[in-house]
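Contents: one structure, followed by commentary.
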Amino acid sequence: MEFDELPEEVRELIEQLDEAAEDEEEEAIEELTEKLLDTGVDMEAITLKKLSLCVMDGEEEMSVGWTKVALKIGIDPFKALLKGLAAGMSLIGDKYEKGEAFVPQLMIASSAMYEGMELLSPYLKANSSGADPSTVVIGTVEGDVHDIGKNLVKTLLSANGFNCVDLGNDVEADRFVEAAKEYQATAVSMSTLMTTTMAEMPKVINMLESSGMRDKIKVMVGGAPLSTDYAAKIGADVSPKDAAGAANWLKTTLSESPSDTENLN
Amino acid sequence: MVSEMTSRERVLAMLNGKPVDRVPVVTGSTMVVEYIKKSGGKWPDFHSNPEMMVNVAGMMHTDAGIDSVVVPFGMFVESIALGLDVKMGRVDIQPSVRSFFKKPEEVNYANFLENTYVQTTLEAIKLAKEKYPEAAIAPFLVAPVTLAGDLMGAENLSMLSIKCLQKEKQMAKMEKWLSIALEINKIYAKACIEAGADLLYYSDASASPNLVMPDFYYKVGVPVEKELGDFIHELGCPWVLHICGDTVPIIEGMASTGADCLSVEQAVDMKKATEIVGAVPIAGNLTPLLMVEGTEEQIVNETRKGLNGGAKASMLGCGTPPLSTSDRLKTWVKAAVEWSAENL
Ligand code: B12
Ligand SMILES: [Zn+2]
């Protein structure tokens with residue numbers, strides 16, 4: 001979908017709809033949606049593209065407005081989430097990974113995504129594909145309250161279709177293990193930003209091992225002071241360099257191991 | 266060859282861009298567990314007992330040979346004095362701010378200076394000055410952008426740092442938070458200087474490109490830091506500005522605040538940084554973790570690398586890790602002394 005290839009009249013209506021969304025004018029949004037449908041354009045393609053661009057630019061009100069459009073024209077809510085909102089989160093995530101975007105941009109994109117997701121959530125209960133999404137238990141280790149990076153990892157994992165069980169920050173080692181058991185997690189993701197709390201990570205890994213769960217669970221660790229060497233030393237599977245890397249790595253790894261492939265659509 | 270100086274003379278000469286007998290070795294936070302134990306400090310009392318605090322911080326100078334004495338231990342004093350929740354951490358974890366205000370109107374700083382923790386800092390400065398007149402007494406304070414981040418929550422600061430560049434309404438909000446932070450900064454700075462501080466060491470951790478937009482730093486961060494800096498200069502005191510992360514993209518802005526020295530961490534390419542700023546001295550930039558588990562060779566190499574890159578003082582990136590060992594701290598000081606003997 002390329003916007004500049006659309007007829008002038010359609011482009012104008014889209015612009016007006018953007019403005020209506022920005023100003024949260026419900027009636028205008030409905031009216032303009034009708035008008036757009038009347039032109040006979042591929043409204044689903046336009047809406048998905050708009051959703052991803054609004055999230056990428058961190059436009060909260062516009063993401064909400066276009067999510068309403070998606071619901072109104074009957075786009076499958078899972079599609080609206082994955083091909084629309086979440087796709088936008090991946091776009092900005094990729095830019096960030098390449099050094100073309102900054103953390104605040106990820107944060108406003110993430111809040112735009114969640115705002116839209118909230119509208120979709122009542123319709124998302126039954127997973128249309130039938131398979132349960134893989135579950136990731138995520139948190140910041142005990143003694144550390146830094147959770148901005150952890151939240152970004154969570155956002156990007158969710159955007160990639162993972163179900164995240166968020167334990168928050170300052171999480172004791174055994175709570176990671178208990179949650180992994182309770183939710184039959186496919187992976188555990190731990191963050192820390194402080195050198196003083198890094199030693200909590202091997203604790204969790206050892207506990208997973210002694211309870212016989214380590215083989216079935218991928219362990220990701222991350223945060224500014226961690227290196228891939230350190231991750232290897234403590235027996236984690238990996239320490240991708242940022243939140244976007246974490247989501248990409250987990251997606252790829254799980255799709256490589258056949259038993260999990262079906263869970264990842 | 267400059268004749269031997271006291272630690273205080275050495276640090277002040279460096280800040281003035283004057284010759285030194287050897288490069289100063291300085292640091293940010295100094296809550297070192299080994300020194301807490303050796304000086305009979307008790308957690309959490311050393312955060313509120315000036316004598317205990319100075320005994321711990323003083324050992325960085327008397328035992329390890331660091332040129333400055335730094336109090337307090339962490340970046341929570343401003344917040345706790347404003348009534349925010351602070352978790353006191355552990356003997357090896359610094360306290361952390363756990364809550365924030367919803368609106369700028371909620372911030373009340375009328376009795377700021379009367380708070381126990383603020384008083385502890387002020388008393389500790391006086392006491393350190395008495396006990397170690399030959400050292401540079403350097404209170405460790407929270408700079409305005411970071412303080413604004415503590416007031417409104419770091420996550421909000423990050424998001425507002427981009428929104429305020431796009432919309433005037435958001436900029437007005439940001440300015441409101443910052444103006445309050447600045448007022449508090451000024452009250453505290455003045456009191457620290459009156460208590461006898463030789464310099465003020467400001468961490469603007471949250472002004473980092475890791476957390477806010479570099480554009481925001483230039484347009485909004487630099488002017489407030491400069492306003493605080495000018496105020497401090499008028500009171501006759503020098504100040505040092507630290508920002509975390511790879512600050513190369515913003516180091517020109519840091520230099521334009523008028524700070525007497527810029528402090529950078531290990532993510533920074535020292536050579537690049539010194540080339541960009543020219544005359545303003547830069548302090549840095551050893552990996553703090555080396556003080557916990559570094560080998561002698563690693564410590565010596567990183568010390569020399571920073572100094573060869575043009576650093577005018579050797580400093581640990583973001584402060585001294587609580588689990589640092591005294592032998593490693595001494596190895597570091599020795600490396601800086603030896604480098605000076607060969608190069609100055
Ligand atoms: C914001 C901030 C705070 C906020 C945190 C708010 C919050 N809700 O998180 C507040 C003010 C509360 C805070 C408190 C403290 N902080 Co602080 N803080 C910062 C700061 C400025 C930014 C951190 C941040 O959020 N960065 C942005 C996020 C997005 O980055 P990130 O978390 O690293 O995440 C990225 C990657 O690491 C990765 N990632 C993260 N998790 C994971 C997980 C996996 C699996 C993977 C693959 C990747 C991954 O992906 C993310 C992005 O893609 C840094 C300095 C700096 N500029 O970096 C200091 C810093 C981290 N803090 C530090 C310290 C010391 C403290 C305090 C002890 C200070 C004090 N005395 O008050 C307390 C902490 C107490 C405690 N017990 O936790 C030090 C840590 C030093 C060290 N290495 O040990 C730093 C470096 C600064 C400093 N020198 O003071 N802090
Ligand atoms: Zn720092």
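Sequence lines, in order, name chains A and B. According to our numbering, the stretch in the first sequence is residues 1 to 265, in order. According to our numbering, the stretch in the second sequence is residues 266 to 609, in order. Quick reminder that beta carbons are idealized off the backbone N, C-alpha and C, glycines included.
Test item: CB-CB of residue i and residue j under 8 Å
i	j	result
residue 25 of chain A	residue 112 of chain A	no
residue 403 of chain B	residue 464 of chain B	yes
residue 623 of chain B	residue 509 of chain B	Nothing about residue 623 of chain B can be reported from this structure: the residues present for chain B run from 266 to 609 only.
residue 330 of chain B	residue 320 of chain B	no
residue 299 of chain B	residue 591 of chain B	yes
residue 518 of chain B	residue 483 of chain B	yes
residue 360 of chain B	residue 195 of chain A	no
residue 201 of chain A	residue 141 of chain A	yes
residue 356 of chain B	residue 301 of chain B	yes
residue 250 of chain A	residue 187 of chain A	yes
residue 423 of chain B	residue 476 of chain B	yes
residue 513 of chain B	residue 533 of chain B	yes
residue 240 of chain A	residue 198 of chain A	no
residue 6 of chain A	residue 77 of chain A	no
residue 445 of chain B	residue 383 of chain B	no
residue 390 of chain B	residue 437 of chain B	no
residue 526 of chain B	residue 293 of chain B	no
residue 147 of chain A	residue 116 of chain A	no
residue 80 of chain A	residue 120 of chain A	yes
residue 364 of chain B	residue 347 of chain B	no
residue 276 of chain B	residue 332 of chain B	yes
residue 606 of chain B	residue 569 of chain B	no
residue 374 of chain B	residue 448 of chain B	yes
CB-CB length for residue i against residue j, believed under 8 Å
i	j	result
residue 88 of chain A	residue 55 of chain A	3 Å
residue 604 of chain B	residue 572 of chain B	5 Å
residue 400 of chain B	residue 334 of chain B	5 Å
residue 412 of chain B	residue 343 of chain B	6 Å
residue 105 of chain A	residue 515 of chain B	Not confirmed; about 17 Å, so no contact.
residue 75 of chain A	residue 44 of chain A	6 Å
residue 165 of chain A	residue 135 of chain A	6 Å
residue 189 of chain A	residue 108 of chain A	Not a contact, Cβ separation roughly 22 Å.
residue 315 of chain B	residue 388 of chain B	4 Å
residue 416 of chain B	residue 366 of chain B	5 Å
residue 1 of chain A	residue 46 of chain A	6 Å
residue 39 of chain A	residue 9 of chain A	7 Å
residue 505 of chain B	residue 538 of chain B	In fact, because the Cβ distance is near 15 Å, the residues do not count as touching under 8 Å.
residue 385 of chain B	residue 304 of chain B	Actually they are not in contact, since the Cβ atoms of residue 385 of chain B and residue 304 of chain B sit about 16 Å apart, beyond 8 Å.
Heavy atom of ligand 3 within 7 Å of residue i beta-carbon
i	result
residue 387 of chain B	Of the ligands one can find in the structure shown, namely ligand 1 and ligand 2, none is ligand 3.
Worksheet item: Quick one: any contact between the segment 400-419 of chain B and the segment 463-472 of chain B, if contact means 3 or more CB pairs under 8 Å?
Response: yes
Practice prompt. Evaluate the contact criterion for the segment 491-503 of chain B versus the segment 441-461 of chain B: three or more CB pairs, one atom per stretch, below 8 Å.
Written response: yes
Worksheet item: If contact means a Cβ-Cβ distance below 7 Å, which residues of the segment 586-603 of chain B contact chain A?
Response: 586, 587 and 588
Worksheet entry | the segment 97-109 of chain A: positions lying closer than 7 Å to chain B by Cβ | 102, 103, 104, 105, 107 and 108
Worksheet item: Is the segment 235-252 of chain A close to the segment 433-440 of chain B, with three or more CB pairs under 8 Å?
Response: no
Discussion item. Please give the ranges of any beta strand (DSSP E) in the segment 453-524 of chain B, keeping only runs that are unbroken, at least 3 residues long and fully inside the region.
Written reply: 465-468 and 504-507
Discussion item. Report the start-end ranges of each alpha helix (DSSP H) in the segment 281-313 of chain B that is 4 residues or longer and not cut off at the edges.
Written reply: 298-303
Worksheet item: Looking at chain A, which residues of the segment 454-477 of chain B have a Cβ within less than 7 Å of any of its Cβ atoms?
Response: 474, 475, 476 and 477
Discussion item. Could you check whether the segment 201-214 of chain A touches the segment 150-170 of chain A, counting it as contact only if at least three pairs of C-beta atoms, one from each stretch, sit closer than 8 Å?
Written reply: no
Worksheet item: Taking only runs of the alpha helix (DSSP H) that begin and end inside the segment 369-413 of chain B, which ones reach a length of at least 4 residues, in chain order?
Response: 381-396
Practice prompt. May I ask you to list, following chain order, the residues of the segment 189-205 of chain A that have a beta carbon less than 8 Å from some beta carbon of chain B?
Written response: 194, 195, 196 and 197
Fill in: Positions along the segment 416-442 of chain B whose CB lies within less than 8 Å of some CB in chain A
419, 420, 423, 424, 426, 427 and 428
Discussion item. Taking beta-carbon pairs under 8 Å, can you tell me which members of the segment 534-558 of chain B lie near chain A?
Written reply: 553, 554 and 557
Discussion item. As an exercise, report each continuous beta strand (DSSP E) stretch of at least 3 residues that is fully enclosed by the segment 524-586 of chain B, in chain order.
Written reply: 526-528, 547-551 and 578-581
Worksheet item: Taking a cut of 9 Å between CB atoms, which residues from the segment 327-360 of chain B lie near chain A?
Response: 352, 354, 355, 357, 358 and 359
Discussion item. List, from N- to C-terminal side, the beta strand (DSSP E) runs of 3 residues or more that fit wholly inside the segment 112-158 of chain A.
Written reply: 135-140
Fill in: Segment contact flag, the segment 11-26 of chain A with the segment 62-76 of chain A, C-beta cutoff 8 Å, min 3 pairs
yes
Discussion item. Quick check on the DSSP output: what are the complete beta strand (DSSP E) runs of length 3 or more inside the segment 209-257 of chain A, in order along the chain?
Written reply: 218-222
Worksheet item: Does the segment 549-567 of chain B touch the segment 276-290 of chain B, meaning 3 or more C-beta pairs lie closer than 8 Å?
Response: no
Worksheet item: Looking at C-beta atoms only, is the number of pairs between the segment 78-98 of chain A and the segment 33-41 of chain A that lie closer than 8 Å three or more?
Response: no
Worksheet item: Got a sec: which bits of the segment 128-152 of chain A sit with their beta carbon under 7 Å from any beta carbon on chain B, in order along the chain?
Response: 143, 145 and 148
Discussion item. Output needed in chain order: residues of the segment 272-291 of chain B with a Cβ under 9 Å from some Cβ in chain A.
Written reply: none
Discussion item. Residues of the segment 362-389 of chain B in Cβ contact with chain A at a cutoff of 9 Å, in chain order, please.
Written reply: 362 and 363
Fill in: Within 9 Å of chain B by C-beta, residues of the segment 38-69 of chain A in sequence order
58
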